[in-house]
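In my numbering, each residue's number is its place in the sequence shown (first place is 1) plus 614. Cβ coordinates follow ideal geometry from the N, Cα and C atoms, glycine included.
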Amino acid sequence: MSDSELACLIRLSCLFDCVFGVLALESEPVDPRL
Numbered sequence: 615m616s617d618s619e620l621a622c623l624i625r626l627s628c629l630f631d632c633v634f635g636v637l638a639l640e641s642e643p644v645d646p647r648l
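Structure representation (structure tokens):
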């Protein structure tokens with residue numbers, strides 16, 4: 615795997631983390647797992 619592919623995967627995983635984080639905040643005010 616090249617460096618550019620790895621960087622792309624890292625950005626995608628961060629993007630998904632942000633999206634799911636926002637969805638979790640909107641659906642549940644408090645998430646005890648965090």
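* Taking DSSP as the reference, what is the three-state secondary structure of S616? -> coil
* Going by beta carbon distance, what residues of the same chain come within less than 8 Å of A621, once the five residues before and after it are set aside? -> none
* Give every residue of the same chain whose Cβ lies closer than 8 Å to the Cβ of V636, excluding the five residues on either side of it in the sequence, and list them in chain order. => none
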